[in-house]
Structures are given as C-alpha cells and as structure tokens.
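Undergrad: Questions regarding the structure given below will be posed in turn.
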Amino acid sequence: MKDLSGDSSSWGAATDSAEQRSRRAHAAEQYRPERIRLLLIAEAPPADPNRYFYFHEVNAYDSLFRHVARSLLAVDPTRENKPELLAQLKQDGVFLIDLNPDPIDGTPLNSYVPELVHRVQELSPERIVLIKATVYDAAYRTLAAAGLPVSSVRIPFPGSGQQTNFSQAFANAVRESEAGYVARPEPASASQRRFAFDLADWFEANAERIAKDLDRYFTSFTGRWFEHFAALGDPNRFEASDLLAVEALSVQVPPEAAAKLLLTEPDRFNALLRRISRSADIWNVPRETLQVGPAAELHTMLRTLPDVDWVIAGKLLAATRPRFIPILDNKVKNLLQPPTSRFWISMWDELSDDSRRTTVAEVCANVPADVSLLRRIDVAIWMAVAQDGQ
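Sequential numbering from 26 applies to the sequence shown in the numbering used here.
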C-alpha cells in the first residue's frame, strides 16, 4: 500500500499557506488607498503567521511597521495606536506589498519579479520605494526599465543594527522625486521639453556676458580650484582631494560621511566608480545608461551617507567624472527647471546634437583647457543666476 503521509503533509502545508495568504490579503485590503501616492515594496511576510505589517495585534518584532510609521508620520507607534496609524497611512496614500507573497522559502527573489511588475502596473502608484537591499537588487532594474516611478535609493531593512541607516535612506527615497532622480526611462523625442529655455539659444544670445562671467569666475572665484583639487587623486577612488574639490563649490562632506567614503567602507563606492568611464563624454554614452547604470547607482549610494544630499552627491561624482556628470544645485535647477527625474537625460539630449553642442562650446571656449564642457555650462548658468539674484 502506498504511503500517503508525505502527500498529506504537503497538502496540509499548502492549505495553511493559502489560508495565511488570504488572511494577509484581507488585512491589507482594508488599508489600500484608492489613489496610491507611495507604494512600498518589502521582501516577504514574516514566517510567523501572527506577524504582518497590516495585522493589528503583533506582540513583537514589528520593526518594519514601526520604522515606516515613525519616518512618515513622525509618531512613536504602539500596539494600541497601530490601527489609527494604519488608517493615517491609507489616508496619506501609502500602501505596502511584498515581492514574495509568502514567507521566504529559498526560492530566488528574481522569479517573483515578472508578476510584481504586473501587480505594480495594476496599482498604478505615483512613487515606489524598495525596502531591503535584496529587493532592490532583484527588482530595481526591471521596474525602472518598465517605466515605473521607482526610487533609485537602496534601503537596508531596519534590523540587525541598520535602523539608523534605514531611517536616513528611507527619508532620502521619499524625498527623491523632489530632486528629480526617480527612475522613469522614456524614449528620446524631439518635442519633449528639456529645460525651461533652449540651452543653445540662451548661450548664443548671452555670449558676451557669458564670456565675461567665465573669465571672472576662473580668475577670482574659489570654485576655480575645483578641477585642480579633483585631479590630485586616483580617478578610480574617492580621496580626500575630492572632498576638498567639492568644498571649493561651497558644500562640505560631513566627517561621518567622509569616514565611510574614505576609511571604513570605500570598496563599495569605489567598485561602482570604476564602472563609470573616465574618458567618455556624456553625449557619447547610451542615453538609457544615464538613468539605469553605475552612475545612477553610485549617486544613490552616495546619498545613503550621513547628511549627504543630492547636491553633494552630484558634486562628488562630478569631481571624479567631470566629462560625464553635469552639476546641478538648487540655483541652477530653479533656472533650468529640468523635467522631474530627467536632468542628466535632458543634458544628453541638448549636447548629443553636434550643432547645438558646438554653439555652446564656442561661447565657452576661453576658459582653462582642463575644464570640461559640462563644468563650463554649469559655471555660466550659475553665474547668471547669482548675478540676477535668483
């Protein structure tokens, strides 16, 4: 007689799994917003059937909910106020799903990504944040390639001593769309708006003033030392000279961030830096690599450093890859008004046209030879903004 005990056990486990999944789905559905402004994607529900982000009675280890609520609602979550806070998250348009709908069982997370894309498309969120490095590594590229508004910030899970890092990275991710770095790849289009005005026309119309501004900047402003300091170090490593270079541009890398970048965690930053070409100009690289590639990944990673914002991260990148990374700060951003998430792409669109690039380059010709065209453009715009008091 055939032994059916194994089949019975498997059937029972499958039944339990289906029941638990249904229970989780029912709990989550109560707090699903009609309009999802922020979609959080976590790795998987806990193995304990009584623990879940949307369950009210969770006796212990409810760390993900606590840290999300603390970050978004600025309150201290308790078991007593969890239903109220879940309702507030719903009202604010925040919803959480898992990449793997069941507890982790050893199945590669990549296998769940195709279905995740369909689920996210149905939910139609305005923004997406991936929680936990494993989720980011498995899903980010695919979601970005699908044109979904996914944050490029890589966030650790708030456990095992990563609570502070989670809070910093999560805050960066939530703020990211304001700075224009949410990945949303789009095809090139001649009719697509690049900046608030035609860049080549602006340089041509203001050629005399720009020439005077550039001469004044590179003879008397402290920013004229940016290229000199940046050139002192190994171009494939972040070094103290790069920090000195960005300080010449009126920003500082905080000591704790500098320690991680140069002393305690340099390898993970330098490994990405080495993947970015030293000799390529921005207009000679494939357009799509600007949004989904090592430069975007490194910009994201730099922003996980303590108190390093998108401006500092961008200037650090420009110090090491001046021909590839255009500098953007709040003053330049306010004048150019690049479309959200498309500053690097918009600059590529402007400069990949030979005639337009030649027009800009001719206006900016009389500067030190070691200054990249991207940097000349940045200085010209920054000087115009500074003098006009914008």
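Glycine included, every Cβ here is placed at the ideal spot set by N, Cα and C.
How big is the Cα-Cα spacing for A85 and V93?
TA: The straight-line gap from Cα to Cα measures roughly 16 Å.
Undergrad: Mind checking whether R166 and V357 have CB atoms under 8 Å apart?
TA: Against a cut-off of 8 Å, the Cβ pair of V357 and R166 comes out as no contact.
Undergrad: Please determine, among I129, S275, R303 and T365, the residue with the shortest C-alpha to C-alpha distance to S176.
TA: Looking at the Cα atoms, T365 is the closest of the given residues.
Undergrad: Would you mind giving the Cβ-Cβ distance between L286 and L323, rounded to the nearest angstrom? I have them listed as a contact below 8 Å.
TA: No, L286 and L323 are not in contact; Cβ-Cβ is about 11 Å, not under 8 Å.
Undergrad: Within the same chain, show all residues whose beta-carbon is closer than 7 Å to that of T384, passing over the 5 residues directly before and after it, in chain order.
TA: Closer than 7 Å at the Cβ level, and outside the excluded window around T384, lie A225, F228 and E229.
Undergrad: Note down, in chain order, each residue of its chain lying with its Cβ closer than 8 Å to the Cβ of V160, except the 5 sequence neighbours on either side.
TA: Hits under 8 Å: I66, A67, E68, L124 and L134.
Undergrad: DSSP on F182, reduced to helix/strand/coil?
TA: Looking at F182 - three-state DSSP - the assignment turns out to be coil, as it is neither helix nor strand.
Undergrad: With C-beta atoms as the reference, is I370 less than 8 Å away from L315?
TA: Their beta carbons are under 8 Å apart, which means I370 touches L315 by this criterion.
Undergrad: To the nearest angstrom, how far is the alpha carbon of R48 from that of F191?
TA: One C-alpha to the other measures close to 28 Å.
Undergrad: How do the stretch 291-306 and the stretch 144-164 stand: do at least 3 beta-carbon pairs fall below 8 Å, yes or no?
TA: The answer is no - the stretch 144-164 does not touch the stretch 291-306, with fewer than three Cβ pairs under 8 Å.
Undergrad: Rounded to whole angstroms, what's the CA-CA distance from P139 to Q187? Just pull it up for me.
TA: Taking the straight line joining both Cα atoms gives about 29 Å.
Undergrad: If you run the structure through DSSP and keep just helix, strand and coil, what is D337?
TA: According to the sequence shown, residue 337 is Ile rather than Asp. The answer is helix: DSSP assigns I337 an H, G or I state.
Undergrad: Does the Cβ-Cβ distance between D395 and E264 come in under 8 Å?
TA: Their beta carbons are not under 8 Å apart, which means D395 does not touch E264 by this criterion.
Undergrad: For E109, which option in A169, Y79, W407 and Y137 has the closest C-alpha, if you only look at C-alpha atoms?
TA: Of A169, Y79, W407 and Y137, the residue nearest in Cα terms is Y79.
Undergrad: Between which two residues does the alpha helix (DSSP H) containing F243 stretch?
TA: A232 to S245 is the span of the alpha helix (DSSP H), which, as asked, contains F243.
Undergrad: By the DSSP assignment, the alpha helix (DSSP H) with I370 in it spans what residues?
TA: Where I370 is concerned, the enclosing alpha helix (DSSP H) stretches over F368 to L376.
Undergrad: Looking only at its own chain, which residues have a Cβ that is under 6 Å from the Cβ of Q362, when we skip the five neighbours before and after it?
TA: These residues qualify, in order along the chain: A221.
Undergrad: Mind checking T329: buried by the 16 CB within 10 Å criterion, or exposed?
TA: Under this definition T329 is a buried residue.
Undergrad: Does the Cβ of T244 have 16 or more other Cβ atoms within 10 Å, making it buried, or fewer, making it exposed?
TA: Per the 10 Å Cβ criterion, exposed.
Undergrad: Please tell me whether R91 and P102 are closer than 8 Å, where the distance is taken between their beta carbons.
TA: The answer is yes: Cβ separation under 8 Å.
Undergrad: Buried or exposed: V392, going by 16 or more other Cβ atoms within 10 Å of its Cβ?
TA: Label assigned to V392: buried.
Undergrad: For L121, which option in A50, A390 and T325 has the closest C-alpha, if you only look at C-alpha atoms?
TA: Nearest option by C-alpha distance: A50.
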